[in-house]
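Below is one structure, written out as structure tokens; comments come after it.
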Amino acid sequence: MKRANGWRNYLYIAPAVLFVFCFCILSIIFTLFISFTDWTGLGRFKFVGFSNYVAVFQDKNFLLSCINTLVWVAAGLIIPVVFPLLFAIAITKSSFSTLFKNIFYFPNAVSGVIVGLIMTSLLSMYGLPQLLGMLGFENLDKNWLNIPYVNTGVMIGASVWQGIGMNMLLFIIGLVNMPTEPIEAAKMEGASGIGLYTKIILPLLKPTIIVVVLMSLVNSFKTFDSIWIMTGGGPYRTSETLAVTMYKETFSNNHLGMGSAIAVMLSVIILFISIFYLRKTFTREGSH
Amino acid sequence: MKKIVSISCIVAVLMLLASCGSGDASSSEVEFYTDKGGENVGIMNSMSDKIKDDGGVGFKTVGYTEVTAYETTVQQSLDSDKAPGLFTWWSGDKLKKLVDNDLVVDLTKEWKDYYEKEGVNPSLADAFTIDGKVYAAPFSVLYNGILYNKHIFDKYNLEVPETWDDFIKVCDTLKANKIDPIGLKNDPWASFLWFQTLIASYDPDLYVGLTNGDIKYTDPEMKKVMKIWQKMIKKGYFGEPVDPASQIKMFSSDKSAMVYEPTVTSATLKKDYNMEPGKDFDVFVPPSMTANAKKVIFFEASPIVVSKESKQSGDAKKVLQSFYKKDVQQIFVDEAGIINTDNTKSDDPVNGSFVKEAADANKYQLLVRYYEATPSEVVTVATDELWKFFYNPTDAMLDDTLNTIQKAADGAFK
């Protein structure tokens, strides 16, 4: 009877396992395999060993996209973590918390592609630059998304804010569900203001902070849609991140081998950082 | 009972999974995939209806608007019998790759028996010929010319330039009057448009040699052409590259005087910007830099190919046999401005006249544009490098651009 139950339990999870195996595991194995070939999407695979990985590091575009990715990650850790935390603290103390929650969460309901399209129109020669030009700032009457290297900053400003709402909600949940006893005790001991937050509230909020930081980190590494919509990685590939370079090499240039090599490296980087970050954080927490 | 329900659920999931890849093999209509989706889908469906009304085999259009997604989807399906019977592709190197992998049907005989009889220009077959066999039929043939804003030209008493010096004078006058002489679009691939035009205006043979690997990008003559381009950029003849919609908007709102585009853009200017062809704008061919030399018109021939492995390949050939019939193609001319055969009539004085005039071999030399005429490995590098040069047109960058493209060409033509 017990054995029959065990068999049936496996059947329950079989569809999920099948889905994960077909659409995730097989894809990972296939990507890993073609990263060692020179496949162009047509014809037979030719095994080329590690030459795609070597070629990637010799490619100036790849190195530039690594730098751009690091810029996105740095910005993605500051804007979508610090600002939501400040907003969450302010909103939990506000009388209109529900209204503010909705206002800040609303951009999250819009897809990244739509935000990219709106921002592209807003920043086009018929948008904000023209308005500033009419106000006398003629130097700013330019297609900002076309200025190499500057456009990365413009795109970060134009798209990173979208993640603020979700992270802010997580922080609010963390703040609301926080045990009140230690805070009350600290207040009775005379703690207040910034000291109360840095010494009591933020340490108590640490599990939420860990999740938000990790999510923002992974999202920053994966940034693709807004860049693809706003600049396509251009001009002359100066605004590409690793995800855009991966897509462009794979699907635009038909270098599926090289694109897969970049995909493998990007996955390994994210996996390594995630494991390292989680292990380091929880080990420190355990040792306390 | 619970066991029966569980097993039924699993079977249902497996059947659902299996059905995902089954395709629509039973459909009587040939699937016609195209990257030229959007409003073309409706127009093509009307063409299919017309073919069916005439008793032929119809087709079902599956339109994509994202080129990369389209290319990937088609490539992945081509080695199975579920491949679409017909699909649009790119001529030149990309078509050759399909031929090299034995994925498309030889249409040489069909050209003689059907397409040419319906008025398709026989010389277009050259753009689709690989190793002596023709592997495609034209979906659209787009001829590039310089569209100019007549209001601006009239305002500054400018004439259509007949010589290169005239052209430069026109640009100088416009620049002096704070009008962008030439509007540009910032599409990643679009950097080659003026590159190809300047080479062909300088010497068409230089262009032909460059695209087939006989002449190097580092050739001194190429450097001379790049110097001309450099001078034009530095003098501010080109406006700031903007997205394609803004490029046309700037042209229609008198901010830029000329755009180098396929003449089929005339239909968009009329429909979306209320510009009357012939009255508000017109077109001319870029002048040659050599006196009495033939002017060059670049064309882009987008091919339709028949998938070899597809279950529908027999019917697909039948669709193409009807596709060029006069009444079917007239729909394409009226609705999209695309002129493929010489027995249709266009009431667009800009597009229609230009296509007719382009056929005059005594006046013009037709050349396949750079994107299709050059191996894709070279185009990929060149389009990025040419933008790099455009944004930073120094002497050092000029040399670096030509050297980098030549490196890619060395690999492609070895």
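Protein sequences, first through last, are from chains A and B.
The opening position of the first sequence corresponds to residue 1 in full-length UniProt numbering, with each subsequent residue numbered one higher.
The opening position of the second sequence corresponds to residue 1 in full-length UniProt numbering, with each subsequent residue numbered one higher.
Yeah, the Cβ is synthetic: ideal placement off N, Cα and C, and Gly gets one too.
Exposure of residue 21(B), with buried meaning 16 or more beta-carbon neighbours within 10 Å: Unreliable placement is indicated for residue 21(B), whose pLDDT of 44 sits below 50; the coordinate value is still reported in the next sentence. Label assigned to residue 21(B): exposed.
Residue range of the unbroken beta strand (DSSP E) whose run includes residue 295(B): 295-306
Residue-level contact to chain A via CB, residue 384(B), 8 angstroms cutoff: Yes - at least one Cβ of chain A is within 8 angstroms of the one on residue 384(B).
Residue interval of the alpha helix (DSSP H) (run including residue 146(B)): It is not in any alpha helix (DSSP H) - residue 146(B) instead sits in the beta strand (DSSP E) that spans 137-149.
Beta-carbon neighbours of residue 243(B), restricted to chain A and to distances below 8 angstroms: 120 and 124
Cutoff 8 angstroms: residue 374(B) Cβ touching any chain A Cβ: Not an interface residue.
Whole-angstrom distance between residue 240(A) and residue 234(A), CA atom to CA atom: 7 angstroms
In DSSP terms, what residue 365(B) is bridged to: 296(B)
Residues bridged to residue 86(B) (per DSSP): 32(B) and 306(B)
Beta-carbon spacing of residue 260(B), residue 338(B) below 8 angstroms: no
Residues from the stretch 214-241 of chain A in contact with chain B, defined by Cβ distance under 9 angstroms: Correct list: 231, 232, 233, 234, 235, 236, 237 and 238.
Contact residues within the stretch 249-261 of chain A, judged by C-beta distance below 9 angstroms to chain B: 250, 251, 252, 253, 254 and 255
Contact set between residue 303(A) and chain B, taken where Cβ atoms lie within less than 9 angstroms: This structure cannot speak to residue 303(A), because chain A is shown only from 1 to 288.
Contact set between residue 142(A) and chain B, taken where Cβ atoms lie within less than 7 angstroms: Going along chain B in sequence order, the residues near residue 142(A) (Cβ under 7 angstroms) are 240.
Exposed unless 16 or more other CB atoms sit within 10 angstroms - verdict on residue 286(B): Residue 286(B) should be labelled buried.
Below-8 angstroms beta-carbon distance, residue 19(B) vs any chain A residue: The predicted model places residue 19(B) with a pLDDT of 45, which falls under 50 and marks its position as unreliable; any figure quoted below should be read in that light. So, not an interface residue.
Contact set between residue 249(B) and chain A, taken where Cβ atoms lie within less than 8 angstroms: What residue 249(B) touches in chain A: 126.
Interface flag, residue 146(A) vs chain B, CB-CB below 8 angstroms: Residue 146(A) counts as touching chain B.
Nearest neighbour of residue 314(B), chosen from 266(B), 110(B) and 226(B) [CA to CA]: 110(B)
Selected residue, minimal CA-CA separation from residue 373(B), among 130(B), 37(B) and 42(B): 130(B)
Element boundaries [beta strand (DSSP E), containing residue 63(B)]: 59-63
Own chain residues within Cβ distance below 6 angstroms of residue 163(B), not counting five before or after: 287
Test: residue 211(B) CB closer than 8 angstroms to a CB of chain A: Answer no: the Cβ-Cβ gap between residue 211(B) and chain A never drops below 8 angstroms.
Whole-number beta carbon distance between residue 32(B) and residue 87(B), since they are thought to touch under 8 angstroms: 7 angstroms
Close Cβ partners of residue 41(A) (< 6 angstroms) along its chain, the five nearest in sequence each way excluded: 254 and 256
CB of residue 278(B) within 8 angstroms of CB of residue 350(B), strictly: yes
Continuous beta strand (DSSP E) stretch holding residue 410(B): start and end: Under the DSSP assignment, residue 410(B) falls outside any beta strand (DSSP E), being part of the alpha helix (DSSP H) whose first and last residues are 395-412.
Chain A within 8 angstroms of residue 188(B), Cβ atoms only: So yes, residue 188(B) belongs to the interface.
Contact residues within the stretch 210-229 of chain B, judged by C-beta distance below 8 angstroms to chain A: none
Contact set between residue 387(B) and chain A, taken where Cβ atoms lie within less than 8 angstroms: 234, 235 and 236
Residue 60(B) versus residue 311(B) - alpha carbon distance: 15 angstroms
Residue 282(B): first and last residue of the uninterrupted alpha helix (DSSP H) it sits in: Looking at the DSSP string, residue 282(B) is not in any alpha helix (DSSP H); the run it does join, the beta strand (DSSP E), is 281-284.
CB contact check: residue 391(B) to chain A, cutoff 8 angstroms: yes
Nearest to residue 69(A) (by Cα), restricted to the options 276(A), 216(A) and 252(A): 216(A)
Close Cβ partners of residue 276(B) (< 8 angstroms) along its chain, the five nearest in sequence each way excluded: Excluding residues within five positions, the ones whose Cβ falls inside 8 angstroms are 270.
Residue 91(B) at chain A interface by Cβ criterion, 8 angstroms: no
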